[in-house]
Each structure stands twice: as C-alpha cells, then as structure tokens.
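J.: Below is a structure I'd like to ask you about.
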Amino acid sequence: MNNAFKNEQDYDRERFEMEVWKRRHATGQTRRQVVRTLAGLAAGASAFGSLPSRGFAQAPATIVKPTPPDKFRILGTNRETLFHAFKGRGYLTPASLFFVRNHTSTPLIDAETWSLSVEGGGVARPRTFTLDDLISLPTERLTRAIECAGNGRSFFAGQQGQAVAGTAWLLGAIGVGEWTGVRLSTLLELAGVKPTAVDVLPEGLDDEVGASGHVRRPIPIGRALADDLLVAYGLNGELLPPDHGFPARLLVPGWIGIANVKWLGRVTVSEEPVFTAWNTTQYRFFGNEDDYPGQPILTTQTIKSAFELPFPASLRPGLNLITGRSWSAEGSIALVEVSFNGGDTYIRAALKPGGNGHQAWAEWQIPWAARPGKYVLKARAVDDQGNAQPLTVPYNSQGYLFSAIAGHPVTVA
Ligand SMILES: Nc1nc2c(c(=O)[nH]1)N[C@H]1C(S)=C(S)[C@@H](COP(=O)(O)O)O[C@H]1N2
Ligand SMILES: [Mo]
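First residue of the sequence shown: 49, per this note's numbering; consecutive thereafter.
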C-alpha cells in the first residue's frame, strides 16, 4: 500500500477507525450496554462485581471530564469556561476546556452497540447507521463555534437591571472546535428523504428532561439539508469526548447551542411541522410584543466580544497587553474596538492574523498603559456582514442572545 496516493480524507478515516478500535479494546466492552448514565454504570458495576467499587463510592457525577475551578464555573449541571482560561490556548478550544451544557447528565454510550436511526414519514427507506458507517461515508471537516443561546445572560441583570430566568452565564458558554463528520444531507438522502419533508427532529439519548422528554430540537428541512450541517463524530481530530456527544452529535453552524443535539440516537423526518419544548416554551423570545412580535423561535446566534481576564479582574499598573475574542454567528469579524473608560472613547484592537474563521471567533489584543484606579473595559465588534454590537438588547424573559457591549470591571493597583 502506497500512502503517497491516499487523499487527506482517507487519512482522516483511518485515524478515526483506529481510535474506535483502540477505544473498544481499552474498555474491553463485552457486555451489551447501549446507554448508561454514570449512576447506571455504577449500579451495573457493583452487580457484576467487575469494577473496583472505590471509584464509584461518591454520588454520580453529571459530567465525566475534570472541570477544575481555575478553568470552569459550576452552574448546576453545566460548566462555563472561565474566559481567561482561553488565553494562550490557541485558536481551537481544546476538548478539555470546552464548556458543557447538559440538561441532565452525560450518558456513557457504547459505540459498538450504538446506532443512529433515520426514520419517519418523511423518508422512503428508514435506515440505521453505526459509527463505522458514519466514518466510512464522505468526511467533512468544519471549524465552527458552538454557543449556548443564553451565553451572556447574566448581563441582563448585571448591566440592564432585568431579572431573567436561566443559567447565569457570563460569556464563556462558547467554544470553537474543528468538527469532523458526515453531512446530515448524506444520511437523509440515503434514507430516501421525500420532497414533502417539512421538519427534522434530532433526538438525544441522554435522560428525559422531566415531562419534556428527550432533548429534541426541530430543524426545518431546508436548514437540515444544507451542506454545512454535520453529524459530527470528531472534535479537534479526536473522537468526541463523552460530555460533548460521543459517539455523534449534530453541528448546526451559526444556530443556538440547543440545535447541536448531543448523543444523537434518532433523527425523525416529518411531513408536518414538529413542536417540542425546545421550540415552544424554551428557545423562543417572550418579551415585549413590539420587540418580539409573535414570540419568534430562536435560530441564529449573534455577535459578542469578551476579554480574556477574570471577571472582575485585577491588574498591575504599567503596560498590560489586553487580549480577548470576538465572534459572530453570521460571518467573520471585521473590526474590534476597546474602551478603557467605560465606553466614552474606543481604540482599534489588533486582530490576530490567521484564525478569524467564519461563524467562529477572532483573537485580538491591545496594549494598555494602566494607571491605578477602577475601570470598566468594553470591547465591541463588527462582522463582515455589517452586524455590530448594540449598547443594549431588548428584554426577553429567558435572557437569550445578549449581544450588547459588556462592561468588564478592572481594578488596577
Ligand atoms: N442531547 C442533548 N444535546 C444537547 C444538550 C443536552 O442537554 N442534551 N444541550 C444543548 C445545549 S443547550 C447546548 S448550549 C449545547 C452545548 O454543547 P456542549 O456541552 O458540547 O458545549 O449542546 C446542546 N445539545
Ligand atoms: Mo444552550
């Protein structure tokens, strides 16, 4: 076999095949377990007596990976990346640093018995796909952000004095990954998607969220068939980690986090519009009727900027190199300006060359000769579509899509 004649895609495929093989052999999976939460795994383990009880003595975790307090904020079942933890960690967010938003808890899924079913009245030939099937289909790779609809929510209260419901994120409910997968359209075509299809309903294998059932966010067929919509099995060149959807998740670039359904088990194609909690009582704009006529369903994320500084931050007097990132769900970043006086005047920041991807983020920096005192730093971005960050955003009761310029308190002493 002559490697010189292989294309890049074949290399990718081999790499993922090897990873799947290694994972199987490392875990020695003999029992037929399709899905187990950590709690379930612990119970199963003591029944089988095959695993040391020590590791399972404590209460079941909701998240598998370590989320140390110098890198993450704990918010219920979720973990927010502290924005200053991105500093110096490169353009792509390492899997270990990626924020986690779990409606319940991370299920442990056995890739050997897992499969993804594509079914429903909107397909002529319902099909199931194993992980090996997905890996052997044409490979796509995209660098894109995944960002929670509620990222920045705490600024509704903190900056606009408006009480809103939901996880009180600062600005760290975002990560940029290089996602590897297969187009959802490829799977839909293999299943004989009908021209009468209307909505696609991806469903997660994690626990049901009370009466709302499994996480299911409907996606209109037009969006579902677009070239950039992936069933992703890789993050930054490795298989997805358990917390981020192993063995497969949806990647819906530019759309709010919830559309990127993790631990995908089923995609149901329907010839009727589909409604679940995730497009009726959640992820809609409930607010002033003038601001949000008809309580629209959220789709696209927005534009934001954040400093790679603790919140609030303390700095030493003298020259400080201030760094941050800005991002837009609709394009790439064209301009970032920073204010050191609470927004009275702004100075252009230098965008780091290279990165600045479409529907991802741009890294930037600006020097600051800081004198002792208390300051509010602000950063504002404009994207290549002409979107700019506003001074305020209209209230909505669940605090979605906070895109306004966010004040960052800094003490220099
Ligand atoms: N199955 C399932 N998919 C899910 C979720 C979930 O709880 N269960 N959370 C969603 C939300 S609200 C967000 S913001 C993103 C977060 O992705 P991450 O945890 O990989 O950062 O996943 C989405 N996909
Ligand atoms: Mo989210």
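C-beta atoms are modelled at their ideal positions from N, C-alpha and C, and glycine is treated no differently.
Could you tell me whether the stretch 414-429 touches the stretch 382-401, where touching means 3 or more Cβ pairs closer than 8 Å?
T.: Flag = yes, the stretch 414-429 and the stretch 382-401 touch.
J.: In this structure, what does DSSP give as the bridge partners for Lys352?
T.: Here residue 352 refers to the residue found at position 304 of the sequence shown. Paired residue(s): Trp375.
J.: Near Gly214, what residues of its chain come up, given a Cβ to Cβ distance below 6 Å and the 5 sequence neighbours on each side ignored?
T.: By 1-based counting over the sequence shown, the position of residue 214 is 166. Taken in chain order, the residues that qualify are Gly198, Arg201, Gln446 and Gly447.
J.: Express the C-alpha separation of Leu283 and Gln208 in angstroms, rounding to a whole number.
T.: If you number the sequence shown from 1, residue 208 lands on position 160. If you number the sequence shown from 1, residue 283 lands on position 235. Approximately 36 Å, taken between the alpha carbons.
J.: Assuming Asp431 and Gly379 make a contact with CB atoms under 8 Å, what is their CB distance in whole Å?
T.: As a first step, residue 431 must be located in the sequence shown, where it is residue number 383. As a first step, residue 379 must be located in the sequence shown, where it is residue number 331. Rounded, the Cβ-Cβ distance is 4 Å, consistent with contact.
J.: Could you tell me whether the Cβ atoms of Glu128 and Ala211 are closer together than 8 Å?
T.: By 1-based counting over the sequence shown, the position of residue 128 is 80. By 1-based counting over the sequence shown, the position of residue 211 is 163. Not closer than 8 Å, so no.
J.: Is the closest heavy atom of ligand 2 to the C-beta of Ile222 under 7 Å?
T.: As a first step, residue 222 is located in the sequence shown; it is residue number 174 there, counting from the start. No, Cβ of Ile222 sits at least 7 Å from all heavy atoms of ligand 2.
J.: Between Phe147, Gly136 and Arg137, which lies nearest to Pro117 when the distance is taken from Cα to Cα?
T.: What you label residue 117 is simply residue 69 of the sequence shown in a count that begins at 1. It is Phe147.
J.: Please report the Cβ distance between Thr110 and Asn150, rounded to the nearest whole angstrom; I am assuming they are in contact, meaning their Cβ atoms lie under 8 Å.
T.: Mapped onto the sequence shown, residue 110 falls at position 62. Mapped onto the sequence shown, residue 150 falls at position 102. The pair is a contact, with the Cβ atoms about 6 Å apart (cut-off 8 Å).
J.: Rounded to whole angstroms, how far is the Cβ of Val241 from the Cβ of Val322, which I believe are closer than 8 Å?
T.: Your numbering for residue 241 matches position 193 in the sequence shown. Your numbering for residue 322 matches position 274 in the sequence shown. 15 Å between Cβ atoms; not a contact.
J.: Quick one: give me the first and last residue of the beta strand (DSSP E) that Phe177 is part of.
T.: Reading the sequence shown from its first residue, position 129 is the one you call residue 177. Arg175 to Phe177 is the extent of the beta strand (DSSP E) around Phe177.
J.: Return the bridge partner residues of Thr129 from the DSSP annotation.
T.: Taking the sequence shown and counting its residues from 1, one reaches residue 129 at position 81. According to DSSP, Thr129 bridges with Phe120.
J.: Excluding the five sequence neighbours on either side, which residues of its own chain have a C-beta within less than 8 Å of the C-beta of Ala71, listed in chain order?
T.: One-based indexing of the sequence shown puts residue 71 at position 23. Sequence check: residue 71 is Arg here, not Ala. Here the set comprises Ala159 and Leu287.
J.: Would you kindly work out how many angstroms separate the C-alpha atoms of Phe436 and Gly252, rounded to a whole number?
T.: Reading the sequence shown from its first residue, position 388 is the one you call residue 436. Reading the sequence shown from its first residue, position 204 is the one you call residue 252. A small fix is needed here, since residue 436 is Ala in this sequence, not Phe. If you take the alpha carbons of Ala436 and Gly252, they lie about 34 Å apart.
J.: Drop a sphere of 10 angstroms on the beta-carbon of Ile395, count the other beta-carbons inside from all chains shown, and report buried for 16 or more, exposed for fewer.
T.: Taking the sequence shown and counting its residues from 1, the one referred to as residue 395 is at position 347. Label assigned to Ile395: exposed.
J.: For Ala398, which residues in the same chain have their Cβ closer than 8 Å to its Cβ, ignoring the five residues on either side in sequence?
T.: For the purposes of this step, residue 398 is taken as residue 350 along the sequence shown, with counting starting at 1. Correct list, in chain order: Trp412, Gln413 and Ile414.
J.: Any idea what DSSP makes of Val309, helix, strand or coil?
T.: Your numbering for residue 309 matches position 261 in the sequence shown. Coil.
J.: Secondary structure at Asn327, three-state DSSP: helix, strand or coil?
T.: Start at 1 with the first residue of the sequence shown, and residue 327 comes out as number 279. Helix at Asn327.
J.: Can you list the alpha helix (DSSP H) stretches of 4 or more residues lying completely in the stretch 409-440, in chain order?
T.: Listed in chain order, nothing qualifies, since the stretch 409-440 has no complete alpha helix (DSSP H) run of 4 or more residues.
J.: Label Ala427 either buried or exposed according to how many other C-beta atoms from any shown protein chain fall within 10 Å of its C-beta, with 16 as the threshold for buried.
T.: Taking the sequence shown and counting its residues from 1, one reaches residue 427 at position 379. Ala427 should be labelled buried.
J.: Can you tell me whether Ile345 sits near ligand 1, meaning its C-beta is under 7 Å from at least one heavy atom of the ligand?
T.: Working through the sequence shown from its first residue, we reach residue 345 at position 297. Checking the Cβ of Ile345 against ligand 1 gives no.
J.: Would you kindly check if the distance between the Cβ of Asp291 and the Cβ of Lys113 is under 8 Å?
T.: Working through the sequence shown from its first residue, we reach residue 113 at position 65. Working through the sequence shown from its first residue, we reach residue 291 at position 243. Contact flag set, yes.
J.: Excluding five sequence neighbours on each side, which residues of the same chain lie with their C-beta closer than 7 Å to the C-beta of Gly302?
T.: Numbered from its first residue, the sequence shown carries residue 302 at position 254. Taken in chain order, the residues that qualify are Thr348, Gln349, Ala377, Glu378 and Gln407.
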